[in-house]
Each structure stands twice: as C-alpha cells, then as structure tokens.
Amino acid sequence: MFEAAGGVVCVLAVVATMEALRLSTARRRVLWEIGALGAGVVVAQALGGSESAVLSVIVALAIAGCAAAVCRHLGLDRAPRLTHLQGPIAAAALASTLFGPSDTPLFAVLGAAGALAGVAALARARRFAPNDSLHFACAGVCAVIGYVAGHEQGVLAVMIVIAMAALIAFHLTMALAGTAWPALVSTMNGIAACSVVAAGVVTGNGALLVTGVALAIGCAASHASAIESRGPYLSK
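Pasting the structure below:
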C-alpha cells in the first residue's frame, strides 16, 4: 500500500468515526468495548510483526491520534461530512493495496497532513451529500476494483472481492432507497471495514489496520444508533 495513501485514508477514517460517534445514541460501554477490541488487534499485530510492521503501526497510531486531536480542537466533527463516505474510504484503502510497493513512513505523515488540511477546508464549505448518480458511479468503481482483485491470487484478493460486493450493495441501496434502511447500510460498510482490518493483518500494514479499526468503530456506532432510533442515522 502506498504510505501516502495510507496516511490520507487513516485521517479520513478517524474524522468519519468521530462524526459517527457524535451522531450516535449508542451506549458508551458498547463503543468502549469495540474500541478496546480494535486496540487489541493493533497491539497484537505490532507485537507479532517485523520491525517495519511495528514502525508502520506506531506511525499509523500517531497519525490517528493527531487527527483525532485536531478534529476535536477545531470542531471538525460537529458538522458531519464524511460519515456517509465510510464505504468509499474503505474502498480506497483496499484499492491502494493493488498498486506498487510501499513508500517510507514519511510519505504517510505528509499524506496525513494534506488530508487534515483538506478536511479543515471542507469544514468551511457547505455539507456535501452524494446524490443517486454518484452512488451509481461509486458502485461501478467498486465493481472495477473487485474485477481487478479477482484476477489476483491469495487471501487478500478474496477479501477485497468480498468487500467490494458489500460496498456495491451499499451504494445501490443508497441510490435506490436513500437512508430508508440505515441498519443495512451500516452493516454493508461494516463488512468492508472488517475486510480492511483483515487486509491490514495479512499485509502487516499499520495504516491499513488502524484505518479498518477506525472505520469498524464508526460503522458500529452508526448501526447501533440506527437500531435504537429505527430511523435514518444520517441527516441530509
């Protein structure tokens, strides 16, 4: 995975998760349990990996922590803009594994800094909400990513195909039914997030692992909120 892309998706995943947690009415205990489980996965990967894998996890955790601090300090999570983009963030993270070797962690830091600047600029703009046409286009992109991954071999390719199938279902549901089925939408995003976590474990990539854990927590918060409210978990 390109480390620059890893830094970008890691920041976007953290911001989207903080937005989801602000919107969620789920019990804090459940979210803490999910977060603890994710932290356990990250620590286990760091302890069991090579030196480069450990360094990758440390850099990714530092990026995630800085992103959360900046997000909270600037109030970037007050006006949700990225929560409904959890699926595309997962797709971008998985798609980046299909290209070239990794760069140095420095590129991850630079990518994260650029992503934070972009999110801060987005906070000054009007809220962006994908329309039906964009969801259909994203479904097509996911189909292409799944097709490319299908020609590869190994467990990683299988996980990418499964995640893309879930994301195609997510985008088609959003295009045809909007937020009428929030629990189904968050479930499809959660499947993709878990695939990102699994891909991070398989590849030993810290940015991918932390991104997947952050997305999984955000999807769980959205799902719990949807179940409790029995209504749309995203406001248009």
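So in UniProt numbering, spot 213 of the sequence shown is number 213, and the numbers just go up one at a time. No residue lacks a Cβ here, since even glycine has one placed at the ideal position from N, Cα and C.
Distance CB(residue i)-CB(residue j) smaller than 9 Å
i: A20; j: A221; result: yes
i: V42; j: V210; result: yes
i: T97; j: L167; result: no
i: A169; j: A157; result: no
i: G212; j: A115; result: no
i: A69; j: A108; result: no
i: V57; j: A91; result: no
i: A93; j: A199; result: yes
i: G87; j: H171; result: yes
i: G38; j: A226; result: no
Same chain only: Cβ atoms within 7 Å of residue i, ignoring 5 sequence neighbours per side
i: H223; result: A183, S186, T187 and G190
i: A214; result: A13, V14, T17 and A64
i: S235; result: Only weak support is given to the placement of S235: the predicted model assigns it a pLDDT of 41, under 50, and the value that follows is read from those uncertain coordinates. Once the five neighbours on either side are set aside, S235 has no close Cβ partner at all.
i: G118; result: none
Chain-order list of residues whose beta-carbon lies under 6 Å from that of residue i (same chain, five-residue window excluded)
i: G111; result: A4, G7 and V8
i: R22; result: D77
i: G75; result: none
i: M159; result: S195, A198 and A199
i: I89; result: V9, L12 and A13
Residues near residue i in its chain [Cβ-Cβ closer than 8 Å; skip 5 each side]
i: residue 241; result: Nothing about residue 241 can be read from this structure; the chain reaches only from 1 to 236.
With three or more C-beta pairs closer than 8 Å as the rule, is the stretch 149-168 touching the stretch 187-206?
yes
Would you list, in sequence order, the uninterrupted alpha helix (DSSP H) runs of no fewer than 4 residues that lie entirely inside the stretch 41-84?
51-74
So within the stretch 134-201, which uninterrupted alpha helix (DSSP H) runs reach at least 4 residues, ignoring any that extend past its ends?
List check, alpha helix (DSSP H) in window: 155-177.
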